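Engineer: Quick note: the sequence shown uses numbering that gives the first Met the number 0, first residue 0, plus one each step.
Glycine is no exception: its CB is placed at the ideal position from the N, C-alpha and C atoms.
This one's a predicted model, so the numbers in the text were calculated from it and none came from an experiment.
Before we start, here is the structure in question, set down as structure tokens.
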Amino acid sequence: MKRNLVLALFILILVVFPFPVQRSEVSDETEVVSVAELAPQRIYGQDISHLIWSQVTVDSFRDYIITLTENGSRWIQDPGLASWQNTATREYILAELERVSNGRIETEVIGDWQSVVGRLPGYLPVEAPAFLIGGHYDSVPAAPGANDDGTGVATMLELARVMSQYSWPLDIYFGAWNAEEIGLFGSAEVAREFQTRGIELIAHYNIDMLLVPDPEDPTFLMVHPVGYYHEGQYWADLTKMMSMQYGSNLSVPVMASDFSAWQRSDHWSFIQRGFGTSLFVHESGFAYDNAYHTSRDVWHNEMYDYEVATEAVKSIGAAIAFTMSRAYQQLIQLEFSFTLIPSHTKTYFVPISMPTAIEVACRWFGGGTSFRLSDPEGEPVAVFATMDSSPWEATTVLNEDVTQHGIYTLEVFNIGGTSTGHELTISYDSDVDGNDVPDSQEFWFDQSYFSSDLDNDNISDAEEMILGTSMNSSDSDMDSLPDQWEVANNLDPLDPGDASLDHDQDGLVNTEEMEHNCDPWSADSDSDGIPDFWEVLNALDPTTNDAAEDPDGDGVSNLNEYLNDTDPNFPEPRGQWILLPVLTTAVAAIVVVILFIKRRHWPEI
0 MKRNLVLALF ILILVVFPFP VQRSEVSDET EVVSVAELAP QRIYGQDISH LIWSQVTVDS
60 FRDYIITLTE NGSRWIQDPG LASWQNTATR EYILAELERV SNGRIETEVI GDWQSVVGRL
120 PGYLPVEAPA FLIGGHYDSV PAAPGANDDG TGVATMLELA RVMSQYSWPL DIYFGAWNAE
180 EIGLFGSAEV AREFQTRGIE LIAHYNIDML LVPDPEDPTF LMVHPVGYYH EGQYWADLTK
240 MMSMQYGSNL SVPVMASDFS AWQRSDHWSF IQRGFGTSLF VHESGFAYDN AYHTSRDVWH
300 NEMYDYEVAT EAVKSIGAAI AFTMSRAYQQ LIQLEFSFTL IPSHTKTYFV PISMPTAIEV
360 ACRWFGGGTS FRLSDPEGEP VAVFATMDSS PWEATTVLNE DVTQHGIYTL EVFNIGGTST
420 GHELTISYDS DVDGNDVPDS QEFWFDQSYF SSDLDNDNIS DAEEMILGTS MNSSDSDMDS
480 LPDQWEVANN LDPLDPGDAS LDHDQDGLVN TEEMEHNCDP WSADSDSDGI PDFWEVLNAL
540 DPTTNDAAED PDGDGVSNLN EYLNDTDPNF PEPRGQWILL PVLTTAVAAI VVVILFIKRR
600 HWPEI
């Protein structure tokens, strides 16, 4: 009897509580790998002058000079008569420019005197101005030429090494001139060739002898043409500003009229061909340089100061990087974060090239602070001071209209009794080419590109050039994702591999995200608590908050369907309709069991 009772109860359990049927699920795991190659960082609207400054090193600069001078004099007398060291140095420079840039710098030898020119192409595919950095690689007989002019070539190579790690909007030319010592012959050929090719130089830095500073005033000279501010003095001021901001303030702008050797180095060849923004970077202690044109011009001369010389290299590189940080329709913004202890000052510098407003905004916390803006002569033009803090939002503390060209100085002083943290932004406009159009209102090419769109992809041709996408294709990387969609969703329109990536790991690759108008960086695009993948799988709209909707009319919202793992498009039986058949079945089963048990006890007839 007991065994029959157990069997009956087991049947009851099966009837009332049937085993669930296993439901098949679609896997939401996708493993993909992007095969896009890493490209150099493209610089637009980003000031990395401090990075360029830090990446130029004394050791690397000095090592170049050692290599250039280890074989002795690099003399040349005419195109057919030169030392083997001259020839070997030329071959070394060509190879080194290609090596440090991983082949990005395009090299050539120009003219009968065989000067070396390397071009680091800018990413803009249209005509635009360029920078030039150069020095001469020949030396006089018997002189190894460490200072004259190993420093110029070493500067060029060191900046080629650092600058080629990035992608800049403008071309940067790197030059090593031959036959400077006998008449500026090599640079004259190159200047003529640049003129023939229609190359426009926004600035040219000619470096010739850097290693002997004035012992009373260890600096280097930034000699610039006389006259129009933007032709030379602005670039001398800009390199000085970099030396003041990041270094030891060793750069000294000097007018050409105050420098007796103005016509004695290779920049003069370019000046004569109309390249007016050519500067001569030179040592301040030439009068003390007793190794000039002698066998004592060796890299280990005790008189040579590599720290001062390297600051010149850093200043030039930082100035070029700063110039190419501009962005269309944006003011220049200098941003700094720092903490001042009581009675201490931080000083910042602003190179002004046009009438503009200098706006200083700051958030400070911990105590009071003060700000003083001074003009290039050091005269105060605006002051702000308070003992209160402004910890939550940035406060505009100064907004001063200025007109004078030159370097303005902003001093921040802690006037309180406690340490004070600062987050500082200095905003202003510039006009580096002096054409009376603010740089915020123009870029490096014709303005018409900002209103044209050859491929009709809603990205202007100007933006296409800045991004590096094709002006003739709406899908530059041919990955089925339109450039405009990729740009709008912070994807790379030049990486064909990101079409199959799943950045938000929601089970939808980027092509599926686009197909369903989803956010590729969010697993729940409409923030309704239901993952995009589940909504797509169940034919819901992942871009509309439909969590409370009930498309199958079963009284269960979409959100609860998701939480219960039920089908939002198939009505589930309601509770009362589920309970009635269960109770009916249970009662029937109990009756059957009771009758079965009683039947066992009925007397047989």
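Can you name the start and end residues of the beta strand (DSSP E) that Asp460 belongs to?
Structural biologist: No beta strand (DSSP E) contains Asp460, which is instead part of the alpha helix (DSSP H) from 460-466.
Engineer: Work out the CA separation of Thr346 and Gly144 for me, nearest whole Å.
Structural biologist: Computed Cα separation, rounded: 39 Å.
Engineer: Can you name the start and end residues of the alpha helix (DSSP H) that Ile319 belongs to?
Structural biologist: Its alpha helix (DSSP H) spans residues 305-322.
Engineer: Going by the CB atoms, is the gap between Val152 and Ile92 shorter than 8 Å?
Structural biologist: Against a cut-off of 8 Å, the Cβ pair of Val152 and Ile92 comes out as a contact.
Engineer: DSSP state of Leu220, grouped into three classes?
Structural biologist: Strand.
Engineer: Work out the CA separation of Asp400 and Phe383 for me, nearest whole Å.
Structural biologist: C-alpha separation (whole angstroms): 15 Å.
Engineer: In the structure shown, what three-state DSSP assignment does His299 receive?
Structural biologist: Coil.
Engineer: Can Phe274 and Ala178 be called in contact, C-beta distance under 8 Å?
Structural biologist: Taking 8 Å as the Cβ cut-off, Phe274 and Ala178 do not qualify as a contacting pair.
Engineer: Which same chain residues, not among the five before or five after His421, have their C-beta less than 8 Å away from its C-beta?
Structural biologist: Excluding residues within five positions, the ones whose Cβ falls inside 8 Å are Phe335, Ser336, Phe337, Thr338, Leu339, Lys345, Cys361, Arg362, Trp363, Thr368, Val411.
Engineer: Run the CB neighbour count on Ala487, radius 10 Å, all protein chains shown included, and call it buried at 16 or more, exposed below.
Structural biologist: When all chains shown are included, Ala487 counts as exposed.
Engineer: Find out if the Cβ-Cβ distance for the pair Leu131, Ser163 is shorter than 8 Å.
Structural biologist: Not a contact, by the Cβ cut-off of 8 Å.
Engineer: From this set, Gly133, Arg325, Glu188, which residue's C-alpha is nearest Leu156's C-alpha?
Structural biologist: Checking every option, the nearest Cα to that of Leu156 belongs to Gly133.
Engineer: State the DSSP-derived secondary structure class of Ile589, mapped to helix, strand or coil.
Structural biologist: Correct three-state label for Ile589: helix.
Engineer: In terms of residues, what are the limits of the alpha helix (DSSP H) holding Val535?
Structural biologist: First-last of the alpha helix (DSSP H) with Val535: 531-536.
Engineer: What separation, rounded to the nearest whole angstrom, lies between the Cα atoms of Met208 and Met464?
Structural biologist: Going by the C-alpha atoms only, they are around 39 Å apart.
Engineer: Can you tell me whether DSSP reads Asn205 as helix, strand or coil?
Structural biologist: Here Asn205 sits in strand by DSSP.
Engineer: Can you name, in chain order, every residue of its own chain whose Cβ lies under 6 Å from the Cβ of Val253, other than the five neighbours on each side?
Structural biologist: Answer for Val253: Leu220, Val222, listed in chain order.
Engineer: Pick out whichever of Ser268, Ser256, Tyr245 has its Cα sitting closest to the Cα of Phe193.
Structural biologist: Among Ser268, Ser256, Tyr245, the Cα nearest to that of Phe193 belongs to Ser268.
Engineer: Express the C-alpha separation of Gly117 and Thr106 in angstroms, rounding to a whole number.
Structural biologist: Distance between the alpha carbons of Thr106 and Gly117: 4 Å.
Engineer: Between Asp518 and Asp540, what straight-line distance do the alpha-carbon atoms span, to the nearest angstrom?
Structural biologist: Going by the C-alpha atoms only, they are around 13 Å apart.
Engineer: Would His266 and Asp432 be called neighbours here (beta carbons separated by less than 8 Å)?
Structural biologist: Not a contact, by the Cβ cut-off of 8 Å.
Engineer: Spatial neighbours of Arg22 within its chain, please: CB distance less than 6 Å, with the 5 preceding and 5 following residues excluded, ordered by chain position.
Structural biologist: In this predicted model, Arg22 has a pLDDT of only 35, less than 50, meaning its place in the structure is not dependable; the value taken from the coordinates is given anyway. Cβ neighbours of Arg22 beyond the five flanking positions: none.
Engineer: Roughly how many angstroms lie between the CA atoms of Ala202 and Tyr291, to the nearest whole one?
Structural biologist: Rounded to whole angstroms, Ala202 to Tyr291 spans 28 Å at the Cα level.
Engineer: Please find out if some non-hydrogen atom of the ligand GTP comes closer than 7 Å to the beta-carbon of Thr66.
Structural biologist: Only the bare structure without any ligand can be found here, which leaves the ligand GTP out of the picture.
Engineer: Is it buried or exposed for Phe569, if we count other Cβ within 10 angstroms and need 16 for buried?
Structural biologist: By the 10 Å Cβ count, Phe569 comes out exposed.
Engineer: Going by DSSP in three states, Phe274 sits in which element: helix, strand or coil?
Structural biologist: In this structure, Phe274 counts as coil in the three-state DSSP scheme.
Engineer: Given this structure, state the Cα-to-Cα distance separating Glu606 from Gly506, to the nearest angstrom.
Structural biologist: The question about residue 606 has no answer, for the chain in this structure spans 0 to 604.
Engineer: Give the secondary structure of Glu179 by DSSP, where H, G and I count as helix, E and B as strand, and everything else as coil.
Structural biologist: Here Glu179 sits in coil by DSSP.
Engineer: Would you call Pro390 buried or exposed, if buried means 16 or more other Cβ atoms sit within 10 Å of its Cβ?
Structural biologist: Answer is exposed; the Cβ neighbour count stays below 16.
Engineer: Quick one: what's got a C-beta closer than 6 Å to Trp520's C-beta in the same chain, skipping five residues either side?
Structural biologist: Closer than 6 Å at Cβ, skipping near neighbours: His502, Asp503.
Engineer: Is it buried or exposed for Arg61, if we count other Cβ within 10 angstroms and need 16 for buried?
Structural biologist: Arg61 should be labelled buried.
Engineer: Sorted by chain position, which residues of the same chain lie with C-beta nearer than 7 Å to Asp170's C-beta, five sequence neighbours on each side aside?
Structural biologist: Excluding residues within five positions, the ones whose Cβ falls inside 7 Å are Arg118, Leu119, Pro120, Gly121, Ala129.
Engineer: Short of 7 Å in beta carbon distance, which residues of its chain neighbour Asp525, apart from the five on each side in sequence? Order them along the chain.
Structural biologist: Around Asp525: Pro541, Thr542, Thr543, Asn544.
Engineer: My guess is that Asp494 and Asp482 are in contact by the Cβ rule of under 8 Å, so how many angstroms apart are they, rounded?
Structural biologist: About 11 Å separates the two Cβ atoms, so there is no contact after all.
Engineer: Specify the secondary structure class of Met254 as computed by DSSP and reduced to three states.
Structural biologist: Three-state DSSP puts Met254 in a strand.
Engineer: When burial is assigned at 16 or more other CB atoms within 10 Å of the CB, is Tyr204 buried or exposed?
Structural biologist: Buried is the call here.
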